[in-house]
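**Q**
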Amino acid sequence: MLVTVEGGRLVRIEGDPANPATGGHVCLKGISYARRLTTPDRLLSPMRRTAQGAFEPAGWDETLADIAARLDAIRREDGPEAVLYYDGSGSHGALGALSAAFWRQFGGCTRTFGDLCWPAGLEATRLTYGANLHNHPRLTTGSRFILVWGHNPAETNVHQMRLILEAQERGARLAVVDPRGTDTSDAADLHLQPRPGTDAALALGLARVIVRAGLDDEAFLAAHASGFDRYLARVEEYPLDRVADITGLPPASIEALALEYARTKPALLIAGFGLQRNRHAGQTMRAVALLPALTGNVGVSGGGFQYANLASHCLLAPPLPPGPDGRAAIPVSRLGPGLLELGNPRVRAAWIEKGNPASQNPRSDLVRQALAGMDLVVVVDQFLTDTARLAHYVLPAKTMFEEEDLCTAYWHPYLQRRAKVFDPPAGVKTETEIWRLLAGRFGFDTRYFPRTPDEARAVLRHMLGPSREHLLEALEDGPVDPSGNGDIAFADRVFPTPSGKVEFASDEAASLWGVDPVPGYQPLDEGHESRRAARFPLQLLTCKTRDRIHSQFGNLDWVREVERPHRLDMHPADAQHRGLAEGDLAVVWNDRGRTELRVRLDEGLRPGVVHVLEGRCHEGDPDVNVLTDAGVTDMNYGATFYECLVEVGKSTKSRSHGVAKSESTKSAKSESTTSMKSGSASREVAKSECAAPPAFVLDLGRCVGCGACVLACRLENGWEAATPWRRVLPLNLRRRPGGPTYFLSVTCHHCERPACVAACPSSAYEKRPDGVVVHHQKRCIGCRYCEMACPFGAPRYSATLGVMTKCHLCTPRLERGELPACVAACPTDALRTNHEGLARGRGEIVRAVPGFADREGCLPRLRFLAPRGSRRASLMQALQEALGRGGER
Amino acid sequence: MSRATKAARWAADDWPLVLFTAMATIGAGLVLTPIGALAVRSGTAAAVSLAGGGALLMALALAVSLAHLGRPLRAARAAANLGQSRLSAEIAFALATVAAASISFAWPALPGAGIVAGLLACGLLVSLGLVYALPNQPAWRGPAAASPLAMALPLAVFALAARGGNPLGAWQPVVAVLLAADLGLFAWRALRLSATPPWCEPTQPEWFRHRAVLLALRVTLVTLVPLLFALAGRPLAAAIALAFGILVDRVNFYALAVRRTTESEIAAAEAAIAP
Chain B
148 MLVTVEGGRL VRIEGDPANP ATGGHVCLKG ISYARRLTTP DRLLSPMRRT
198 AQGAFEPAGW DETLADIAAR LDAIRREDGP EAVLYYDGSG SHGALGALSA
248 AFWRQFGGCT RTFGDLCWPA GLEATRLTYG ANLHNHPRLT TGSRFILVWG
298 HNPAETNVHQ MRLILEAQER GARLAVVDPR GTDTSDAADL HLQPRPGTDA
348 ALALGLARVI VRAGLDDEAF LAAHASGFDR YLARVEEYPL DRVADITGLP
398 PASIEALALE YARTKPALLI AGFGLQRNRH AGQTMRAVAL LPALTGNVGV
448 SGGGFQYANL ASHCLLAPPL PPGPDGRAAI PVSRLGPGLL ELGNPRVRAA
498 WIEKGNPASQ NPRSDLVRQA LAGMDLVVVV DQFLTDTARL AHYVLPAKTM
548 FEEEDLCTAY WHPYLQRRAK VFDPPAGVKT ETEIWRLLAG RFGFDTRYFP
598 RTPDEARAVL RHMLGPSREH LLEALEDGPV DPSGNGDIAF ADRVFPTPSG
648 KVEFASDEAA SLWGVDPVPG YQPLDEGHES RRAARFPLQL LTCKTRDRIH
698 SQFGNLDWVR EVERPHRLDM HPADAQHRGL AEGDLAVVWN DRGRTELRVR
748 LDEGLRPGVV HVLEGRCHEG DPDVNVLTDA GVTDMNYGAT FYECLVEVGK
798 STKSRSHGVA KSESTKSAKS ESTTSMKSGS ASREVAKSEC AAPPAFVLDL
848 GRCVGCGACV LACRLENGWE AATPWRRVLP LNLRRRPGGP TYFLSVTCHH
898 CERPACVAAC PSSAYEKRPD GVVVHHQKRC IGCRYCEMAC PFGAPRYSAT
948 LGVMTKCHLC TPRLERGELP ACVAACPTDA LRTNHEGLAR GRGEIVRAVP
998 GFADREGCLP RLRFLAPRGS RRASLMQALQ EALGRGGER
Chain D
1492 MSRATKAARW AADDWPLVLF TAMATIGAGL VLTPIGALAV RSGTAAAVSL
1542 AGGGALLMAL ALAVSLAHLG RPLRAARAAA NLGQSRLSAE IAFALATVAA
1592 ASISFAWPAL PGAGIVAGLL ACGLLVSLGL VYALPNQPAW RGPAAASPLA
1642 MALPLAVFAL AARGGNPLGA WQPVVAVLLA ADLGLFAWRA LRLSATPPWC
1692 EPTQPEWFRH RAVLLALRVT LVTLVPLLFA LAGRPLAAAI ALAFGILVDR
1742 VNFYALAVRR TTESEIAAAE AAIAP
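For the protein sequence lines, the chains are B and D, in the order given. Numbering-wise, the first sequence is residues 148 to 1036 according to the working numbering. Numbering-wise, the second sequence is residues 1492 to 1766 according to the working numbering.
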C-alpha cells in the first residue's frame, strides 16, 4: 500500500505495484484507512466510564495510575491469573508480541487459545501436506480449472478474484461450491449449492467418482501418498446416491464436477473458511484438501490446494523477560461461557486490545455478561466499539500509519514493512508506549518496550533473526518473500509430514485430536439431519462482507454509504412459507437468543439456508452472535459459527427503518497486511491508453461491485456524501433466474453530445478538445438546470458550495500521466479508460447493456464489456429478450 | 424521513421555481393584452396599465427566482449561454419583456411599444415551455411545452375584458377554443404521466402517488371554473381563478415530473425479470 501525504494530510492511498499478488491495487477497506484517520469518532484521549455509564475524557497519568492500582490489587488478592489478556488481530503487527513482556513480569495472566477464523483448516492442511503453503497467487492465472469451495473471493479477497477472472479470460473454467449465490458464483461456469456442513461427503463423493473413472494420478499417489488404501476404502462408502442424499445436490452435478476437475490440468482448488466453521471442520478440510493430491495437482504451476500461505510467518519472538505466561484457559470461541464458568481464580479483570469480542465472538451475549460482571475492563481501541462500551477505561490506540512495524500475510508470501507516516495524534499512544508506561507504574523492567524508532527497529531486527535481519532495509523498497520457497509449493514433492508423503490417513491426526485417521463425513450437531432441525429448520450462515473486516470499518461514513445493508437474506420460498416479504421485519431465534432484522429476498440462496452478513459495528447492525454456537472444532480450537439452526418469523413490531435490537433468551480479524511508503506512486497511463480520447470502459464480467472506485474518487476529489461523483449500482442483486447479476459503476460519461453543456445558462461546462467534460465552479450560478438535463445523474448540487460538482475524469492526474483515481484503484481491473486497450483479449465492447442505454442521444462515452462465460451469456440474452430489445450496440 | 417531510422538503426546495414560472406566465399574459386591444380596437388604455402590472409581476418573478440559485450574486451569468441554453433564452426573454413592457407603460404614446412587449411576452411563454422540454423528461416534452402560452392567452382575454370594459360575449368562442386547447395539451401530458415508460421514475414519488388529486385540481382551476365564470359573464373572477390555476399547474408541473435516470433504467431491467 502506498500513501501520499501533502501538507501533513493523507491525500492518496494506492496499491503497491511491487506486490505481484495485489497487482498494485488496494481494496475498499484499504482506501478507507484515509477516513479512519480523520473520522470524528476516533478516540483521541483515554476515556473513563462514569457512574452513570457515560464516558468522559481522562488524563493518561490518572488513568494509568488507577488501572495499575486496580490490577495490582486484583493480582495481590487472587493472583495474576485473575486478569484476562485478550488480543484479537485488528491493527496487528509484529510489535504486538511485546505485550508478553508486561504479562510475564506481571506473573502471568489468563489467556485464550485457538482462533475464531481458520485454525481447523490450518491444522487439517498441516496434517495432510505438512505445512501451510501454496503456490504464489500469480500462478492462479495459469490454471485451467479453478474450484472455489466455501469461499467468496469477490468479497473477501478481491485480489484473488482478479486473478481468477484473468484465468477465466485465458480459458479456465470456474466452479464454485457454496450454498449461497455470490458475486463469485455469478462468474462461475458450474455452481453447486450443497447443504451447509456436508462438504466432507461431497469431497469423498467426488473422490469416488474420480477413482472409479480412473482419473486419480496413480504415479503421484504411488510415490507421494501415505495411507491411500485406507482412504480408498473410505471413499467407497460415498456412492453418488448417498452423497446426493446428504448434500441435496443432483448426482449428475456431482459427477460432472468430479470429472471436469480431474480431467482438466492444472486444476486449482481454493478452499475458504466457510466449510470449516462447524464441529467437524478439520475432517471436512482434510477430505477437501486431499482432492488436489488425488488428481496429481500438487507441486505444479497452476494447480494445488490454496487455503493458507504462511510463508511470510518467519518472525521470532521479541526479546522477552523470563517469567510465566500464565494459563491458556479458554478457547477463544468459548470466551463468553468460558469466562462465566472459569474459577480458581475467577477472572476479575480483562485487558482487551485489537479485538471486539462483545459482538464478534459466538454467544456475544455471554461475553457481554461476563465483561459486565468484572471489576476492571480496559480496552485499547481506536473507536468506541461494543466491547469498549463495556470497559471501565478505553485507551486510544494508534492507527497503522503511526508506528513502524512488520506484517506477515496469509495468502501471498510477502513480509511487509509498515512505515510510520504520521505521529499519533496528541493524546494517542502506541500500544508499545502504553505497555512501557504501565510497566513503569509497576516498577517492571521497561527496557523491553522501545522508546524510540531506533529501539523499535532493533526489536524488529531481533524478530527477523540473524539470518534475515538484513531484510529490514530491503523491506523499505517493497515486500519480500522471506521463505525462499519459490513460486510453487511442494515443487520438490517433499512433504514435511511424519511419513514424508501426503497423508491420506493421518495417525498424527488421530493421536493429537482423537479423530479418525481417514477423514469422513459426520452430520452437524446443528444440521438438517439433527433433531433440532424440527424446531429450527433453517441453517444460518454469517458470512463476511466486502465492506468490513468483522466490526472494523463499518463505523466509517465513507464505508457505510457504499456498503450493502445487513439484512436477513432468505430464499423467497422460505420467506413465503413464513408470510414474509421483502423489507419485512423478521425475528430470528433459536434456543440461544433472538434478533430482529429486515428481510432481503435472495433467489440465489439455497432454500433452507438463511444468511446475515456478520460484522456488527454499531447499534444499527444485527447482533447475530447471540444466535451462534460457542462450540469448538474437532481440531485446533476453531469456532463453530455455522452450527446454527434458527427459525424465522414475522416480527410483531411495526415496520420502521433500521435494524432492531438483539437479545439473549437467557440473559476482528486482521487488518490489511500492507507495507507503506510515502510519496506518489500512481501507475502511469499506458501509451496505448492515451491514443484515444479518455473515457471510461467498464468490464461487467470483472466488476464485483466492491466500491473501491467510489472511495478512491472521494479521497481524490473530496466530495460530500450528498454529492457522489461515482456510484455503484447493482442489477439483480436478488439473483432472479431470468437475468445475470452485475454492477454498474457510473459517473459522468463525458458524452459526445453532453446535455449539461447545452443546458447550462452560465457556460459553466466545457467540453475540452480531448473529450473530457469539465465543470468550472467559478462560472456556476447553482441553478441546477444541468441536474434536470443530464439523464445519467452526473452533475450533483453541493448545498455547501452553492454550485454543481461532477467528475472531471481526474484531469489533473491525466495531465500528470496518471490514471483517474477510480481506475487506478479498481482491484479487478474492471474499470479502465481506453476502449482499445480494454478490448484486447477481453471480448467485444458494447455501448448499452440492460440497465444502461442512451435514449436521449447524448452519446455517452462509457462503454461496456458484457459478462462472459456461457452461463452469464445465456442469462444476459434472457434479460435482453425480457426487455424486448437486442444488445443496443 | 417521512413521506410528508419529503414532500415538504421538495416544496421548500422548488417553491422559487413554482412561483417564478407562475408569476412569469401570469405577467406575460398581462403583457399580451396590448395585442388583444389592438385586435379588438378598444381597451388600449387598460391594456397599457395591465402590461405595466405584468412587467411588475415579472420583475418580482425574476427576483423570486434568485432564491433558487446557489450563487445569486452570479445571476448576471444566467444569460451567458444564449447560443445553446434554453434557460439563457428564457431569462433573456424575461428581461427583455420586462424592459419593453415598462417602456410601453412609461411612454404609452410610443408607437408599437406595447406590441413589441406583447411579442416578447409570447417569446417568453414559448421559451418557458421549452426550457423544461428536456430530453430526459418525457412528461415535459412535446406539445406540453405550449402549456404556458395556452394558459396565458385566455388570461389575457379575461384581464382585458375585465379592465377594458369589453363585453366578454364576443370573446366567449375564442376563450372556449383557448381553454379547450389548453385542456387538450393538459390531457396529453396527463396521459404521458399515466403511461410513464418503465425506465423513468417520478422525481417526487410522494406527490406522484397523489397525482389524481393534483391533476383534478388543475383542471378545475384552469379550465372548469374560468369557463363557468366566462359563461356567466364575469371576466375578473375568471381571470383570478385562472391565475390561481396557473399556480396549481406549476405545482403540478414540478411535483409530477418524471425523469430517466440510470437507477430507473436498472429498475426497468429488474422489473423485466420479476415474475
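Glycine included, each C-beta is placed from N, C-alpha and C at the ideal position. From a predicted model like this one, the values you see are computed outputs, not experimental measurements.
Quick one: does B/C937 have its CB under 9 Å from some CB of chain D?
**A** On the first sequence, position 790 is the one that residue 937 of chain B refers to. Yes, B/C937 lies at the interface with chain D (some Cβ there is under 9 Å from its Cβ).
**Q** Compare the Cα-Cα distances from B/A212 to each of B/R588, B/G762 and B/V921 and report the closest residue.
**A** Here residue 212 of chain B refers to the residue found at position 65 of the first sequence. Out of B/R588, B/G762 and B/V921, B/R588 has the C-alpha closest to the C-alpha of B/A212.
**Q** Around the Cβ of D/F1511, are there at least 16 other Cβ atoms within 10 angstroms (buried) or fewer (exposed)?
**A** Position 20 of the second sequence, counting from 1, holds the residue named residue 1511 of chain D. By the neighbour-count rule (16 or more Cβ atoms within 10 Å), D/F1511 is buried.
**Q** Which value, in whole angstroms, describes the spacing of the CA atoms of B/D512 and B/S480?
**A** If you number the first sequence from 1, residue 512 of chain B lands on position 365. If you number the first sequence from 1, residue 480 of chain B lands on position 333. When rounded, the distance between both Cα atoms is 13 Å.
**Q** So if I threshold CB-CB distances at 7 Å, which residues from the segment 1534 to 1552 of chain D count as touching chain B?
**A** none
**Q** Starting from the C-beta of B/R474, find all residues in its chain whose C-beta is less than 6 Å away, skip the five residues before and the five after it, and write them out in chain order.
**A** The residue you call residue 474 of chain B lines up with position 327 of the first sequence. Closer than 6 Å at Cβ, skipping near neighbours: E228 and T257.
**Q** What in chain D is Cβ-close to B/P1014, meaning under 8 Å?
**A** Within the first sequence, numbered from 1, the residue matching residue 1014 of chain B stands at position 867. The contacting residues do not exist; B/P1014 stays about 13 Å from chain D at best.
**Q** Within 10 Å of its beta-carbon, does B/S817 have 16 or more other beta-carbons around it, so buried, or fewer, so exposed?
**A** Position 670 of the first sequence holds residue 817 of chain B. At B/S817, the pLDDT of 33 sits below 50, so the modelled position is not reliable and the matter cannot be decided from this model.
**Q** Look at B/C850 and B/F939 and say whether their C-beta atoms are less than 9 Å apart.
**A** In the first sequence, counting from the first residue as 1, residue 850 of chain B sits at position 703. In the first sequence, counting from the first residue as 1, residue 939 of chain B sits at position 792. In this structure, B/F939 does not lie closer than 9 Å to B/C850 by Cβ.
**Q** How about D/V1622: is its C-beta nearer than 9 Å to some C-beta of chain B?
**A** Counted from its first residue, the second sequence places residue 1622 of chain D at position 131. Chain B, which has a Cβ nearer than 9 Å to the Cβ of D/V1622, makes this yes.
**Q** Just the Cα atoms here: how many angstroms apart are B/A247 and B/A497?
**A** Taking the first sequence and counting its residues from 1, one reaches residue 247 of chain B at position 100. Taking the first sequence and counting its residues from 1, one reaches residue 497 of chain B at position 350. If you take the alpha carbons of B/A247 and B/A497, they lie about 15 Å apart.
**Q** Got a sec: is the Cβ-Cβ distance from B/D1021 to anything in chain D below 9 Å?
**A** As a first step, residue 1021 of chain B must be located in the first sequence, where it is residue number 874. Residue identity check: residue 1021 of chain B is Ser in the sequence provided, not Asp. Chain D contact via Cβ: absent.
**Q** Consult DSSP for B/C903 and reduce its assignment to one of helix, strand or coil.
**A** Stepping through the first sequence from its first residue, residue 903 of chain B is reached at position 756. Three-state result, B/C903: helix.
**Q** Hey, could you find the ends of the alpha helix (DSSP H) B/Y889 is sitting in?
**A** For the purposes of this step, residue 889 of chain B is identified with residue 742 of the first sequence, where counting begins at 1. Here B/Y889 belongs to no alpha helix (DSSP H); instead the beta strand (DSSP E) covers Y889 to V893.
**Q** Evaluate D/E1626 with the Cβ neighbour count: other Cβ atoms within 10 Å of its Cβ, from every protein chain shown; 16 or more gives buried, anything less gives exposed.
**A** As a position in the second sequence, residue 1626 of chain D is number 135, starting the count at 1. According to the sequence provided, residue 1626 of chain D is Pro. The question's Glu does not apply to it. It counts as buried.
**Q** How many Å lie between B/D388 and B/R565 at the Cα?
**A** The count along the first sequence starts at 1 and reaches residue 388 of chain B at position 241. The count along the first sequence starts at 1 and reaches residue 565 of chain B at position 418. Distance between the alpha carbons of B/D388 and B/R565 is about 53 Å.
**Q** Can the beta-carbon of B/T980 be found less than 9 Å from the beta-carbon of B/R915?
**A** What you label residue 980 of chain B is simply residue 833 of the first sequence in a count that begins at 1. What you label residue 915 of chain B is simply residue 768 of the first sequence in a count that begins at 1. Against a cut-off of 9 Å, the Cβ pair of B/R915 and B/T980 comes out as no contact.
**Q** Who does B/M194 pair with in a DSSP beta bridge?
**A** Taking the first sequence and counting its residues from 1, the one referred to as residue 194 of chain B is at position 47. B/M194 has B/P204 and B/V541 as its beta-bridge partners, per DSSP.
**Q** Could you say if the segment 454 to 462 of chain B and the segment 538 to 557 of chain B meet the contact criterion of at least three C-beta pairs nearer than 8 Å?
**A** yes
**Q** According to DSSP, simplified to helix, strand and coil, what is B/C174?
**A** Sequence index remark: in the first sequence, residue 174 of chain B carries index 27 (1-based). When secondary structure is reduced to three states using DSSP, B/C174 falls in the coil class, being assigned neither helix nor strand.
**Q** On the DSSP letters alone, give me the boundaries of the beta strand (DSSP E) that B/F452 sits inside.
**A** Mapped onto the first sequence, residue 452 of chain B falls at position 305. Looking at the DSSP string, the run of the beta strand (DSSP E) that includes B/F452 is G451 to Q453.
**Q** Mind pulling the beta strand (DSSP E) runs of 3 or more residues that sit fully within the segment 408 to 482 of chain B?
**A** 414 to 418, 451 to 453 and 473 to 478
**Q** Using the Cβ count rule (16 or more neighbours within 10 Å means buried), how would you classify B/K501?
**A** Counted from its first residue, the first sequence places residue 501 of chain B at position 354. The residue is buried, with at least 16 neighbouring Cβ atoms inside 10 Å.
**Q** Which residues bound the beta strand (DSSP E) around B/V795?
**A** Position 648 of the first sequence, counted from the start, is the residue given in the question as residue 795 of chain B. Looking at the DSSP string, the run of the beta strand (DSSP E) that includes B/V795 is L792 to K797.
**Q** Considering only the beta carbon of each residue, do D/G1655 and B/C930 sit closer than 9 Å?
**A** As a first step, residue 1655 of chain D is located in the second sequence; it is residue number 164 there, counting from the start. As a first step, residue 930 of chain B is located in the first sequence; it is residue number 783 there, counting from the start. No, these two residues do not count as a Cβ contact at 9 Å.
**Q** Show which residues of chain B have a CB atom less than 9 Å away from the CB atom of D/T1753.
**A** Working through the second sequence from its first residue, we reach residue 1753 of chain D at position 262. Neighbours of D/T1753 on chain B, chain order: R874, L876, L891, V893, P938, F939, G940, G998 and F999.
**Q** Using DSSP with H/G/I as helix, E/B as strand and the rest coil, what is B/K914?
**A** As a working mapping, residue 914 of chain B is identified with position 767 in the first sequence. In this structure, B/K914 counts as strand in the three-state DSSP scheme.
**Q** Along the beta strand (DSSP E) that carries B/M717, what are the first and last residues, could you check?
**A** Counted from its first residue, the first sequence places residue 717 of chain B at position 570. That run of the beta strand (DSSP E) goes L715 to M717.
**Q** Along chain D, which residues have their Cβ under 8 Å away from the Cβ of B/L1030?
**A** By one-based count along the first sequence, residue 1030 of chain B stands at place 883. Residues of chain D passing the Cβ test: A1759, A1760 and A1763.
**Q** With a threshold of 16 other CB atoms inside 10 Å of the CB of B/N304, please say whether the residue is buried or exposed.
**A** Here residue 304 of chain B refers to the residue found at position 157 of the first sequence. Burial call: buried.
**Q** Buried or exposed: B/V641, going by 16 or more other Cβ atoms within 10 Å of its Cβ?
**A** As a position in the first sequence, residue 641 of chain B is number 494, starting the count at 1. Exposed, by the Cβ-count rule.
**Q** Can you tell me whether B/G778 is helix, strand or coil according to DSSP?
**A** If you number the first sequence from 1, residue 778 of chain B lands on position 631. Reduced to three states, the DSSP call for B/G778 is strand.
**Q** Which value, in whole angstroms, describes the spacing of the CA atoms of B/T593 and B/T579?
**A** Numbered from 1 along the first sequence, position 446 holds the residue referred to as residue 593 of chain B. Numbered from 1 along the first sequence, position 432 holds the residue referred to as residue 579 of chain B. Using only the alpha carbons, I get a separation of about 10 Å.
**Q** Just to confirm the assignment, what range does the alpha helix (DSSP H) spanning B/Y276 have?
**A** Within the first sequence, numbered from 1, the residue matching residue 276 of chain B stands at position 129. It spans P266 to Y276 - the alpha helix (DSSP H) in which B/Y276 sits, taken as one unbroken run.
**Q** Pair every Cβ in the segment 603 to 621 of chain B with every Cβ in the segment 428 to 436 of chain B, then say whether three or more of these pairs are closer than 8 Å.
**A** No, the segment 603 to 621 of chain B does not touch the segment 428 to 436 of chain B.
**Q** Could you tell me the boundaries of the beta strand (DSSP E) in which B/L688 lies?
**A** Locating residue 688 of chain B in the first sequence gives position 541, counting from the first residue. Its beta strand (DSSP E) spans residues L685 to L688.
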